[in-house]
Each structure stands twice: as structure tokens, then as C-alpha cells.
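Colleague:
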Amino acid sequence: MSKAYSKPAVWMKMVSLSLAVTLVLAGCSGGGGKSSTNAAGSSSSAAPAASAEQSSAPAQGGELSYALATSPDQLDPHRSGLAVAVRVIRTLYDTLVVQLPGGEIKPWLATEWSISEDGKSYTFKLRQDVKFQDGTPFNAEAVKYNFDRIIDPETKAANALALVRPYESSEVIDEYTVKLNLSEPSQAFLGNVSQALLSIVSPTAAKKDGDQFTKHPVGTGPFKFVKWDENSEIVVEKNPDYKWAPETVGQQGAPNLDKIIFKIVPEEATRIGSVQSGQVLAAETVPPQNILSLKNDANSQLYQANTVGLPYTLFINQSRAPWNELKARQALQLGINVEAIVKTLYLGTYEQAWSPLSPGIFGYDASLEGSVKPDIEKAKQLLDELGWKAGADGIREKDGKKLTLHYVDGSPNREKRNDIAAIVQQLKPLGIQVDVEITKDVATVVYANNNYDLYGNSQVNSDPNALYSIYHTTAPGARQNLPNLSDPELDKLLEDGATEQDQTKREAIYKEAQQLIINKAVIIPIYVFPYTVAASKKVQGLAFDSLGYPIFNDVYIAE
Amino acid sequence: MLKVVSVRLYTSLLVLVGTMVLVFCIVNVLPGDPALLILDPSSATPEMIANLREQLGLNQPFYERFGEYFLHVLQGNFGKSIVNSEPVLPKIVEHFPATLALTVLSSLIAVVIGVTLGVLSAIHRNRWIDIVARIVGLFGISMPTFWSGILLILIFSVQLGWFPAMGSDGFSTLVLPAITLGFVGSGFIVRMVRNSMLEVINEPFIVTLRAKGLPGRFIMYKHALRNALIPALTMVGVIIGDLMAGTVVIETVFSRQGIGRIIADAIMAKDLPVVQGVIFFSAIVYIVVNLLVDISYTLIDPRVRRTG
């Protein structure tokens, strides 16, 4: 097989040649092709879609086929480490509370809660009418079991373990009241409890199936697990007993759909192709070029929701000269044209990020938008001031040392992040030598050897406290934070933000922290990652939760 | 003949052991700590890393680990997946039929297109059919399958709606991937058959047959083709291996189940026991296929039997 790949020159030519052929083919079929699709596919013209919008009651029944970009690793929420798993997990399980866009927390499996004076214990009153899909009653014991399960090393919990921190223990007060104790106060805790990875699983099923619970998941969610054919599909069906939806969804009872079939289709052209050919009704993660074309497609529609948390951000490593100096970092901030990156790589379909937090999260400071504009002259001047003078080859030098920037990227071209490295080479005219290192072994290069000047990362999160693990000074001996930063002023803000109970004050604290991070040029925010879904016009009612994950409760198929 | 087969069996066994060593080395010679490679560096705790090192057996000395691995493989124990703790071998066995069906169908397509075009182009050398065959051969070899596969999806699923774009249930989902993959193999076979056919046509025994006044078609298909197919047959063994490797890309493009997909996913998830298992399993299949090719060789060509 490798023979074809080992000759890039030949196949590159073939690709461009055949691309031309495709364009011609596509052009020819502009009239004839369209009509044949309509004739072949079920009668999906614009008319039924229009009439569906007029009808008031959503259609009942039907199956939604939904193509996922990668296979979920686990359907055990406590053990999952992949965002893609959350799409399915959200259909099978519920959480104690739900978060509204903007951060406000509302009841779900818990009807109300109170926080102790010291902020270290949360007492939840639970709904009394909830049953797991296997018949197990939902009660305080079940909640205690779940939280204890996450911190039990035997469970091999993954991301849930980080979310549940600083949880310590639970007390069952009565059948429907449970008290969760923390080792230290945390304002982020309640938001974390709303996250899908802290979903409540059936204690009976989890105890019985152990390691294999992930293959036989049981929760209290709107859909029940049917089967998981590896690398092919995951099927869930309506939970007819469901009547405890949170206020974020319209349908309080059981969902409209009879079934959801999650198909696993890793190749993006195939994924979009199967929506256009009618083989599936919806597909996630649409590449930018298709986002543009789908917007003009009469048979399909595009759903788009920005994910919430920390946007994709380049961190400047402050432990290495000259980037420990503010002016050098500011030169990068002014020299890298983020707008050009976002426009070129993502064709304007992604929003540019301006802050260490993404819009939609509690405390986001919108005033930072548009605050940093590229300014090459100013950047050059700053480097001049530091004594870096242009050498013979145009690269700046100081004391016989060249001004270099080591850019490390670890993602195998996920969302074109590698290409950002190429664009960051814009810094050359500034007199900075950019070395790009693409490696899978980020653990060694970045975290163990500290061998980077610029490294990018992002995180989906529900609370601005996510800043703490990235920007707060780390304890002696612990692994350094990404920008290798230790700023007492910022530390104080992040500590206060983690515990401040007055929401207005807390918001102000985080705004100050964001401004400080940008003003001290700690990072270069790049883009906010949108979750995108291409769907047939027949698919109605798809919604997104506060983090940008799809919610299927209200979906119906309009015929 | 028995001797030929036993020698082949013996060398196959050697190759198998060699593969085992290589596969084992994938984990142990890789730069960096496999445990750190597998876990997410930004969230893994030191305990998680220690646990995984324990699970992978990285704390034992090299020879002990190899011995253990060797014994386990002999017992059919290929280890457990790191991602979902499922045993590796049953998973491969479950998914192999899908890959087998794809490989067999695409081999058939490759052989039928390849041999037909190869023979025709040799007989009608420098005529239009020869030019067509050579172009098909060139395209088959040079087009990357991930690309030609997507092209077929665009034309036959999105535009024409004849075949499904993805999935692995039923014959209809097998058509496009098998054509994509078979096309690659046919490219190699066209060239091979054409060359050996041209060689054979000019050999003295064909000239003699012609001189005897036998009909041209009879000479071509009864005598020339039989001789020309011998080198092509060896090629088929190699091509089946190539096609099996090609399923890694094809099964991903067409979103099919199969062991190619398993290894692709395992590589993405850095699930080393699964990667090892699939490579080793494919090596066994490859060795068996080549063994069969070698044996069938002796059936077609009497000379091999004698010289063994």
C-alpha cells in the first residue's frame, strides 16, 4: 500500500488533476445531479420542511442517525476521557444539577441544595420520582455510591477525577438527602457537578458489571442503551418512563425520538457525504470548507455552537529567555496576526479568541475583544529596546545569540492546529527565527524537558476556575504550569475566585485576572472551537448545553 | 513436493518468530515512556502513570517481559486493550471476517481487471487497448486510496445515490471500498502480466508453436498465458498483503468494521497491546497466504516440483 504514498510528487499531481476532474463533474451535475438526488432520496424537497415549521406539535417517533467523528472510548462517564463520548453519555445519564448558558445552576436530579458556612459541604435534596433504567431506585445512597466510585482508584476514573476534586466524602442524611463534603471550599464544584462526566450511574449495574459497565451502561437519562457495535454504531432508545428533564429542555417527559443511532464515521468527507446522500440525518464536526457550502445547500442545514472553557491558546514559556521579559512577549502578541490565522485556516467559520476564557463562561470579559491589534512596527521597536539587533541574515541577535522561538505542537492536525505553526512563521520578518517541532511525545518535550517557547492547548470547562490549573503558581516539586508563570498578583486573584461566594465580586475578580493575563502578554488566544452539526432539513429541535454539547431530548423528525 | 512444502513451512515458522520479536520491540524500543505516551500528559497523576507502567509490565527486565509475551502469544493470549480492558484476540477474530470479505473481493477485482487488461494489452501491443491498460495501471498504482475512495463516494453516493457512502452491513456497502482497493491491486497486476506476457510471446517455444500452424488464440491462452501467469501468481501473494494493509485506510474512509479499523483506532488511542496484536495476527495471515501461493505454484509449474 505504501508505494502510492512514497511518491508525494506523483500523487500530488494526481490529486490536483483529479480535483479538476471532480470540479468538472460537480459542475456538470449542477442541474441534472441535484434532481437525481431528489428523485433517489426520500421526497425531501423544501416544502415538507416548511410545513413542519408551521405545525405546532413536534412529530413523535422515528430514528435519528447521527454520525460521530470518532468512536467514544467509554460509555462509563466516570472513566471516559474523550469529548466525543459525552455526546452519547448525555443521552443515557443525568446529573444532579444543570448549568444554564452563562453559568447559572438549576435543579435536575437534585431539587434544591444548600452550602455550609465554610463552603466545604453541599447538601442536596433529591427528586423522589426517579428510577434508573434497570429499575434501581435513585436516592441518596446512589449519589453517595457515585461520588465515592469516582475517587476509588479501582474505578480508573479519568477526567471525572479532576472534575470531582476537592470532593472527600458523602453522608446520607435521609433517603432523599445527601451531603457531599469537600476538603477545601470550591466555587467551581457545583458547575462541575453539572458536567456529563459526573453523571449518576446505576449502582446495581456498575457493581455487577465492573470493568464492563462501560459496555452495558445504565443511567436515569432520556434514552436507554441498546447496543454498541465497535467502530460501527451505538444505538440508544427512548426511555418511556422519563419525566425529570431539566428546565433547559422543552420536553419535560420522554423524548420524541424512538431511537438514536450514533454511527462512527472518522473520515470527514465520508461523514458529510453520508448526510448529503441521505444515508444519515446528521453528522458532527463539519470542516470549514463544508460549513460554507452547507450554508447554501437547500437540503441541509447547519447547527453551530461555540464550546465553552479555555479557547485554543498559545502559551508563552516564561522560563526561557528572552520570553521572560514583558517586551519580548508583547512583541509576539503584536507580531502574530491571529485574525489572519483564523481567516485563512478556518475561512472565517471560527471566532477569534481574545481572552484566556471563551465567551459564554461565567465572568468572561468581553471588553478584551479587539483589544490587541497586530502592529509590526511596534513589535520591532520593542525588540530593539531589548537590544535585539538585526543580524546579517535578518535574524536578530544579542550578545552573539540568535533570537529563536521554539514552537511545539502535539496534535495530529486536529482542527488544522499544525498549520497554525506554519502561519506563526509570520514572525520571520520581525527578525525572529521560528523552529517548529511537531511531536506526539508532548509529555517529554513540553512537560518533562520544558523544551518549548510556544505551545498551544484548549479545554472545555464550565467554570472560570479552570484558569487556576493553567496560570496559578505550582507547588514546589509539582509539574510547572504551561506558561511557566508565577505571578503573586494573579495567584491572589485565582485563589479568591475559587472561593468567593458573592457572584458579582467573583465576576469582577475573573475579569481582572483575564485583563492581567492579556496585559502581561502571558498568552496569545487563537480561536473558540465551534461544535458544528450538518443535518437534513428534516431534523428539528437539536439544542446544545452550556458547554456546546448536543442535547437530543427535543429533537424530532419532520416528514 | 512434500519436501518443498515442509521447507516452506519451516521458513514460515522462522518468519513468524521474527515477526514476534519485531512486534514486541515496537513497545520496548520506542523512544519515550509508553505509559506517558498513552496517558494525557496534562491530566495524568503520578499514580495513574505508575499503574499503567505496572499493567504494561514496564518495570520488569526486558528478557522476562519477552519470555512472558512469547508464552502468552503461544497460548493465544494477545493481551488486553488499555482503553477498554477487552482481550485483544477475540476482538480481532470477531472483526476479521469483514476485512477478509473486503480483501477477497478486492483481490478478485484486481485479478480480473489486471489479468484481462494485462493480456489484452500484451497481445494488442501499442494499440489503443494497450494505451488504456497502461493508463489504468498507472492510475491504479499512483492514486492514494483515501482520495480515490472519497472520489467514488462523491460520484456514486452523493451524486448518483447508487451505493451507501459508509457502513459495513450487506453487500452494497462492500462495493465501493472493494473497487477502490481492487483498483490499486489491478494496477500492479496489469503491469506484471503485460511484461511477462510480452516476454513469453517472444520465446522460442511460442515461435515453434506458431510454425507448427496452431491457431493464434490457442497459443496465447493455452501456452503463453499459462507461462506468463506464474510470476503474476507470486505477485498476487504480495498484493493480497498490500490489500490487507490497504484496509487500514479503506475501512476508515468508508467507516467499515474490520481489523484495519481496529489498528487505526488503536494507533490513535496509543493502545499498544491492540496494535501489537493486530500486526502479529496480520503477519500470520500474510505468511499463510504466501505459503498457499507457494504451494499452488508447484501445482502450476512442474519445474518447481523437481528443483524444490
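Protein sequences, first through last, are from chains A and B.
Going letter by letter, the first sequence gives residues 140 to 698 in this note's numbering.
Going letter by letter, the second sequence gives residues 72 to 379 in this note's numbering.
For every residue, glycine included, the Cβ atom is placed at its ideal position computed from N, Cα and C.
None of these values were measured; they are calculated from a predicted model.
Please work out which residues of its chain come closer than 6 Å, Cβ to Cβ, to N177 of chain A, disregarding the five sequence neighbours upstream and downstream, and give them in chain order.
Modeller: Counted from its first residue, the first sequence places residue 177 of chain A at position 38. The predicted model places N177 of chain A with a pLDDT of 30, which falls under 50 and marks its position as unreliable; any figure quoted below should be read in that light. There are no such residues.
Colleague: Between the stretch 163-180 of chain B and the stretch 238-250 of chain B, can you find at least three pairs of beta-carbon atoms closer than 8 Å?
Modeller: Output reads yes: the stretch 163-180 of chain B touches the stretch 238-250 of chain B.
Colleague: Could you round the C-beta distance between N370 of chain A and D336 of chain B to whole angstroms and report it? I think they count as a contact, below 8 Å.
Modeller: Numbered from 1 along the first sequence, position 231 holds the residue referred to as residue 370 of chain A. Numbered from 1 along the second sequence, position 265 holds the residue referred to as residue 336 of chain B. Their Cβ separation, rounded to whole angstroms, is 7 Å, which keeps N370 of chain A and D336 of chain B in contact under 8 Å.
Colleague: Just to check my reading of the structure: A529 of chain A and G570 of chain A have Cβ atoms closer than 8 Å, yes? What is that Cβ distance to the nearest angstrom?
Modeller: Indexing the first sequence from 1 puts residue 529 of chain A at position 390. Indexing the first sequence from 1 puts residue 570 of chain A at position 431. With 8 Å as the limit, A529 of chain A and G570 of chain A qualify as a contact, their Cβ atoms being about 5 Å apart.
Colleague: Output yes if chain A places a C-beta closer than 8 Å to the C-beta of F352 of chain B; else output no.
Modeller: Along the second sequence, one-based indexing puts residue 352 of chain B at 281. Judged by the 8 Å Cβ criterion, F352 of chain B is not in contact with chain A.
Colleague: Please state the DSSP three-state secondary structure of A178 of chain A.
Modeller: Taking the first sequence and counting its residues from 1, one reaches residue 178 of chain A at position 39. Its pLDDT being 30, under 50, A178 of chain A is placed unreliably by the model, and nothing is read from it.
Colleague: Would you mind working out which of B:I371, B:A354, B:I350, B:A340 sits nearest N155 of chain B, comparing C-alpha positions?
Modeller: Counting from 1 along the second sequence, the entry for residue 155 of chain B is found at position 84. Of B:I371, B:A354, B:I350, B:A340, the residue nearest in Cα terms is B:A340.
Colleague: L162 of chain A: buried (16+ other C-beta within 10 angstroms of its C-beta) or exposed?
Modeller: Here residue 162 of chain A refers to the residue found at position 23 of the first sequence. Note that L162 of chain A has pLDDT 44, beneath the 50 cutoff, so the model's placement of it is unreliable and no number is given.
Colleague: On the DSSP bridge assignment, give the partners of V375 of chain A in chain order.
Modeller: Here residue 375 of chain A corresponds to residue number 236 of the first sequence, with the count starting at 1. A:F364, A:I399, per the DSSP bridge assignment.
Colleague: At 7 Å on the CB atoms, spell out the chain B contacts of I403 of chain A, in chain order.
Modeller: Within the first sequence, numbered from 1, the residue matching residue 403 of chain A stands at position 264. Going along chain B in sequence order, the residues near I403 of chain A (Cβ under 7 Å) are S326.
Colleague: Buried or exposed, going by whether 16 or more other CB atoms sit within 10 Å of the CB of L80 of chain B?
Modeller: Within the second sequence, residue 80 of chain B is the residue found at index 9, counting from 1. By the 10 Å Cβ count, L80 of chain B comes out exposed.
Colleague: Listing by chain order, which chain A residues have their CB less than 7 Å from the CB of P323 of chain B?
Modeller: If you number the second sequence from 1, residue 323 of chain B lands on position 252. First, the residue type needs correcting, since residue 323 of chain B is Thr and not Pro in the sequence shown. Chain A residues near T323 of chain B: P405, E406.
Colleague: Under a CB-based cut-off of 8 Å, is A186 of chain A close to chain B?
Modeller: Residue numbering aside, residue 186 of chain A sits at position 47 when the first sequence is read from its first letter. Residue confidence is low: A186 of chain A scores 32 on pLDDT, short of 50, so the model does not pin down where it sits. No coordinate-derived value is stated.
Colleague: What is the DSSP secondary structure of D336 of chain B, reduced to helix, strand or coil?
Modeller: Here residue 336 of chain B is taken as the residue at index 265 of the second sequence, counted from 1. D336 of chain B: helix per DSSP, three-state reduction.
Colleague: Would the stretch 273-288 of chain A count as touching the stretch 306-318 of chain A if we require 3 or more Cβ pairs under 8 Å?
Modeller: Contact holds: three or more Cβ-Cβ distances are below 8 Å.
Colleague: Considering only the beta carbon of each residue, do Y610 of chain A and A637 of chain A sit closer than 8 Å?
Modeller: As a first step, residue 610 of chain A must be located in the first sequence, where it is residue number 471. As a first step, residue 637 of chain A must be located in the first sequence, where it is residue number 498. Cβ distance not < 8 Å, so Y610 of chain A and A637 of chain A don't count as in contact.
Colleague: Residue range of the beta strand (DSSP E) that R459 of chain A falls in?
Modeller: Indexing the first sequence from 1 puts residue 459 of chain A at position 320. Careful: R459 of chain A lies outside any beta strand (DSSP E) and carries neither H nor E.
Colleague: Excluding five sequence neighbours on each side, which residues of the same chain lie with their C-beta closer than 7 Å to the C-beta of I200 of chain B?
Modeller: To locate residue 200 of chain B, count along the second sequence from 1; it is residue 129. L191, S192.
Colleague: Which residues, in chain order, does the stretch 128-156 of chain B contribute to contact with chain A at a C-beta distance below 7 Å?
Modeller: Those would be V154, N155, S156, in chain order.
Colleague: Answer yes or no: does any C-beta atom of chain E fall closer than 8 Å to that of Q418 of chain A?
Modeller: The chain inventory of the structure shown lacks chain E, comprising the protein chains A and B.
Colleague: Buried or exposed: Y292 of chain B, going by 16 or more other Cβ atoms within 10 Å of its Cβ?
Modeller: Position 221 of the second sequence holds residue 292 of chain B. It counts as exposed.
Colleague: Cα separation between G211 of chain B and I321 of chain B?
Modeller: For the purposes of this step, residue 211 of chain B is identified with residue 140 of the second sequence, where counting begins at 1. For the purposes of this step, residue 321 of chain B is identified with residue 250 of the second sequence, where counting begins at 1. About 15 Å.
Colleague: With DSSP as the reference, label S184 of chain A as helix, strand or coil.
Modeller: Locating residue 184 of chain A in the first sequence gives position 45, where the first residue counts as 1. Bear in mind that a pLDDT of 31 at S184 of chain A, under 50, signals an unreliable position, so the model cannot answer this.
Colleague: Sort A:K512, A:A674, A:Q457 by Cα distance to A206 of chain A and report the nearest one.
Modeller: On the first sequence, position 67 is the one that residue 206 of chain A refers to. For the residues A:K512, A:A674, A:Q457, the minimum Cα distance to A206 of chain A belongs to A:A674.
Colleague: Could you give the distance in angstroms between the alpha-carbon of V278 of chain B and the alpha-carbon of I194 of chain B?
Modeller: Within the second sequence, numbered from 1, the residue matching residue 278 of chain B stands at position 207. Within the second sequence, numbered from 1, the residue matching residue 194 of chain B stands at position 123. So the two alpha carbons sit approximately 14 Å from each other.
Colleague: Enumerate, from N- to C-terminal direction, the unbroken beta strand (DSSP E) stretches of 3 or more residues contained entirely within the stretch 237-297 of chain A.
Modeller: You should have 244-246, 249-254, 260-265.
Colleague: Whose Cβ in chain B lies nearer than 9 Å to the Cβ of A345 of chain A?
Modeller: Within the first sequence, residue 345 of chain A is the residue found at index 206, counting from 1. Going along chain B, no residue has its Cβ under 9 Å from A345 of chain A, so there is no contact; the nearest lies around 15 Å.
Colleague: Please state whether DSSP places N445 of chain A in a helix, a strand or coil.
Modeller: Taking the first residue of the first sequence as 1, we reach residue 445 of chain A at position 306. Residue state, collapsed to three classes: strand.
Colleague: Let me confirm a value: K22 of chain B is counted as buried when at least 16 other C-beta atoms fall within 10 Å, else exposed. Which label applies?
Modeller: Look at the range of chain B in this structure, 72 to 379, and you will see that residue 22 of chain B is not part of it.
Colleague: Using alpha carbons as the reference points, say which of B:S257, B:Q347, B:V360 lies closest to I153 of chain B.
Modeller: Sequence index remark: in the second sequence, residue 153 of chain B carries index 82 (1-based). Nearest of B:S257, B:Q347, B:V360 to I153 of chain B, Cα basis: B:Q347.
Colleague: Secondary structure at G595 of chain A, three-state DSSP: helix, strand or coil?
Modeller: Counting from one through the first sequence, the residue named residue 595 of chain A turns up at place 456. The answer is strand: DSSP assigns G595 of chain A an E or B state.
Colleague: Locate the alpha helix (DSSP H) running through Y435 of chain B, then write down its first and last residues.
Modeller: Because chain B is modelled from 72 through 379, residue 435 of chain B falls outside the range shown and cannot be assessed.
Colleague: Is L162 of chain A helix, strand or coil when you go by DSSP?
Modeller: The residue you call residue 162 of chain A lines up with position 23 of the first sequence. Reliability of the predicted coordinates at L162 of chain A is poor, the pLDDT of 44 falling under 50, and no value is obtained from them.
Colleague: To the nearest angstrom, report how far apart Y586 of chain A and I358 of chain B are at their CA atoms.
Modeller: The residue labelled residue 586 of chain A in the question sits at position 447 within the first sequence. The residue labelled residue 358 of chain B in the question sits at position 287 within the second sequence. The straight-line gap from Cα to Cα measures roughly 42 Å.
Colleague: Please classify K644 of chain A as buried or exposed, where buried requires at least 16 other C-beta atoms within 10 Å of its C-beta.
Modeller: Within the first sequence, the letter at position 505 stands for residue 644 of chain A. The residue in question, K644 of chain A, is exposed, as its Cβ has fewer than 16 Cβ neighbours within 10 Å.
Colleague: Using a Cβ-Cβ distance cut-off of 8 Å, determine whether I340 of chain B contacts chain A.
Modeller: Within the second sequence, numbered from 1, the residue matching residue 340 of chain B stands at position 269. Looking at the sequence itself, residue 340 of chain B is Ala, so the reference to Ile does not match. By this cut-off, A340 of chain B is an interface position.
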